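One structure is given here, and the rest of the page talks about it.
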């Protein structure tokens, strides 16, 4: 809290809160876009290494919030509550010009409600809206009182919110993923030893649930006598240590190597990706990398979620396509034998891979063109100036 006392005289101050790796990526792009128009802007809050590199003064690293599910959140409730209260205190002390909440609805919606109560006139922007269209449409109207501007990234979300929360100020900016990726500039899979990306997730609980499954599936593929090479892509060294300890590995087998960070060039070189459901599924789709999606969580969390979720698919690629474009192995179906068998089939059937690529590209084409971060920044700044309608006209013209 000592750093915050030095920030009060800033011309423009933004409190940003991201709780996931993808939020860190998209938050950093938004900060950079805002900074282009407001060079002396100050950013504070919760984020990851990319937001820190973009200049955010961080109260906490987002890894402290990176838990999902009823059981998992309950185990960390004390720490999460402390972060929550510190952020509210930060807002009261710093009185930022704008609060920008990035995805992570379980935490951020409660934070929006509390800040709105304590600081009724503050501007609150929600960037990457909660996927209420997938679970509770009746909850959409509560955003009217909480959020001054909802920035959505999928084209169907704007008309959805206009129907279910007609008073909500909502704008579609496109997907920030398009700002990050230039697929034609990235290397593609070579004809050497076929590389397969393993992406078990960006949270400790996801590593615990998914890495053993992916490792066993990879081992079974190697035992079939094929010359496969696997790349485990992990967001940070801490999760690598967790994973190696979990697997009981002191040395890596010859067929496995580790890449820390999420350089997309490593994914683009792969012939296949086996991944935990999340935003990386959409990244693989844009890169044209065929994929197998898995997800396994606490049984209680899954059963509660299953009753709430209204869409038939888990992967956002399948949700957007409204059909099963990429295979999903969820909960008890996430078995190494099944995953490895399908992976081998995909690796040796170019027709199947091409069919999946074509369908994934049809999904990608829905996302719009590059420029989402700049559009979002322009709308945020226009909101603060009271010129949002004028800005919308300039963006859409």
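Numbering (our numbering), first residue to last: 163 to 559. Backbone N, C-alpha and C define an ideal beta-carbon position, used for all residues, glycine too. All values reported here derive from a predicted model rather than from experimental measurement.
Between residue 521 and residue 483, is the Cβ-Cβ spacing less than 8 Å?
Stepping through the chain shown from its first residue, residue 521 is reached at position 359. Stepping through the chain shown from its first residue, residue 483 is reached at position 321. Cβ atoms of residue 521 and residue 483: closer than 8 Å.
Where residue 383 falls, given that 16 or more other Cβ within 10 Å makes a residue buried:
Your numbering for residue 383 matches position 221 in the chain shown. Its Cβ being crowded by 16 or more others within 10 Å, residue 383 is buried.
Through-space distance from residue 418 to residue 358, alpha-carbon basis:
The residue given as residue 358 occupies position 196 in the chain shown. The residue given as residue 418 occupies position 256 in the chain shown. Straight-line Cα distance between these residues: approximately 10 Å.
Rounded straight-line distance, which links the Cα of residue 253 to that of residue 503
Position 341 of the chain shown, counting from 1, holds the residue named residue 503. Position 91 of the chain shown, counting from 1, holds the residue named residue 253. If I take the Cα positions, the gap works out to 52 Å.
Run the CB neighbour count on residue 212, radius 10 Å, all protein chains shown included, and call it buried at 16 or more, exposed below.
Residue numbering aside, residue 212 sits at position 50 when the chain shown is read from its first letter. Per the 10 Å Cβ criterion, buried.
Given a threshold of 16 other Cβ atoms within 10 Å of its Cβ, counted over all protein chains shown, does residue 179 qualify as buried or as exposed?
Here residue 179 corresponds to residue number 17 of the chain shown, with the count starting at 1. Residue 179 counts as buried, since no fewer than 16 other beta carbons sit within 10 angstroms of its beta carbon.
Which word fits residue 243, buried or exposed, when buried means at least 16 other C-beta atoms lie within 10 angstroms of its C-beta?
Position 81 of the chain shown holds residue 243. Per the 10 Å Cβ criterion, exposed.
On a CA-only basis, which of 223, 460, 430 is nearest residue 453? Give me that one, please.
Translated into the one-based positions of the chain shown, residue 453 becomes position 291. Looking only at 223, 460, 430, the smallest Cα-Cα distance to residue 453 is reached by 430.
Beta carbon of residue 208, beta carbon of residue 263: below 8 Å?
The residue given as residue 208 occupies position 46 in the chain shown. The residue given as residue 263 occupies position 101 in the chain shown. The Cβ atoms of residue 208 and residue 263 do not sit closer than 8 Å to each other.
Helix, strand or coil for residue 417 per DSSP?
In the chain shown, the residue the question calls residue 417 occupies position 255. Reduced to three states, the DSSP call for residue 417 is coil.
Would you kindly check if the distance between the Cβ of residue 360 and the Cβ of residue 309 is under 8 Å?
Counting from 1 along the chain shown, the entry for residue 309 is found at position 147. Counting from 1 along the chain shown, the entry for residue 360 is found at position 198. The criterion of a C-beta distance shorter than 8 Å is not satisfied by residue 309 and residue 360.
Short Cβ contact (8 Å threshold) for residue 531 with residue 479
Taking the first residue of the chain shown as position 1, residue 531 is located at position 369. Taking the first residue of the chain shown as position 1, residue 479 is located at position 317. With respect to residue 479, residue 531 sits apart: the two C-beta atoms are not nearer than 8 Å.
Please classify residue 473 as buried or exposed, where buried requires at least 16 neighbouring CB atoms within 10 angstroms.
For the purposes of this step, residue 473 is taken as residue 311 along the chain shown, with counting starting at 1. So residue 473 ends up on the exposed side.
Taking the CB atoms as reference points, tell me whether residue 399 and residue 265 lie closer together than 8 Å.
Walking along the chain shown from the start, residue 399 turns up at place 237. Walking along the chain shown from the start, residue 265 turns up at place 103. Against a cut-off of 8 Å, the Cβ pair of residue 265 and residue 399 comes out as no contact.
Can you say whether residue 423 is buried or exposed, counting buried as having 16 or more other CB atoms within 10 angstroms of its CB?
The count along the chain shown starts at 1 and reaches residue 423 at position 261. Burial check for residue 423: the Cβ neighbour count within 10 Å stays below 16, so the residue is exposed.
Less than 8 Å between the beta carbons of residue 277 and residue 286, yes or no?
Along the chain shown, one-based indexing puts residue 277 at 115. Along the chain shown, one-based indexing puts residue 286 at 124. Annotated as proximal: residue 277 and residue 286, with beta-carbon spacing under 8 Å.
Near residue 281, which residues of its chain fall below 8 Å by C-beta distance, leaving aside the five closest residues on each side in sequence?
Residue numbering aside, residue 281 sits at position 119 when the chain shown is read from its first letter. Contacts found: 253, 254, 257.
Using a Cβ-Cβ cut-off of 6 Å (strictly less than) and excluding sequence neighbours within five positions of residue 380, which residues of its own chain qualify?
Here the question's residue 380 lines up with position 218 in the chain shown. Closer than 6 Å at Cβ, skipping near neighbours: 392.
Contact between the region 187 to 196 and the region 522 to 542 is defined here as three or more beta-carbon pairs at a separation below 8 Å; is this criterion met?
Taking 8 Å as the limit for Cβ pairs, the verdict is that the region 522 to 542 does touch the region 187 to 196.
Runs of 3 residues minimum, wholly inside the region 245 to 315: which ones carry the beta strand (DSSP E) assignment?
Here the runs fully enclosed are 260 to 264, 285 to 289, 311 to 314.
What's the gap between the Cα of residue 493 and the Cα of residue 439?
Within the chain shown, residue 493 is the residue found at index 331, counting from 1. Within the chain shown, residue 439 is the residue found at index 277, counting from 1. Taken atom to atom, the span from the alpha-carbon of residue 493 to that of residue 439 is near 12 Å.
According to DSSP, is residue 186 part of a helix, a strand, or is it coil?
For the purposes of this step, residue 186 is taken as residue 24 along the chain shown, with counting starting at 1. Under the three-state reduction of DSSP output, residue 186 falls in the helix class.
Checking 8 Å against the spacing of the C-beta atoms, do residue 397 and residue 364 come in under that value?
As a working mapping, residue 397 is identified with position 235 in the chain shown. As a working mapping, residue 364 is identified with position 202 in the chain shown. Cβ distance < 8 Å, so residue 397 and residue 364 count as in contact.
Closest to residue 524 by CA distance: which of 321, 487, 495 is it?
One-based indexing of the chain shown puts residue 524 at position 362. Checking every option, the nearest Cα to that of residue 524 belongs to 487.
Integer Cβ distance of residue 306 from residue 327, believed to fall under 8 Å:
To locate residue 306, count along the chain shown from 1; it is residue 144. To locate residue 327, count along the chain shown from 1; it is residue 165. The Cβ separation is near 6 Å, so the contact holds.
For the putative contact between residue 436 and residue 376, defined by C-beta atoms under 8 Å, what is the C-beta separation to the nearest angstrom?
As a first step, residue 436 is located in the chain shown; it is residue number 274 there, counting from the start. As a first step, residue 376 is located in the chain shown; it is residue number 214 there, counting from the start. Correct: roughly 6 Å between the Cβ atoms.
Measure how close the beta-carbons of residue 371 and residue 459 come, nearest whole angstrom, since I'm counting them as under 8 Å.
Walking along the chain shown from the start, residue 371 turns up at place 209. Walking along the chain shown from the start, residue 459 turns up at place 297. Yes, they are in contact, since the Cβ atoms of residue 371 and residue 459 sit about 6 Å apart, within 8 Å.
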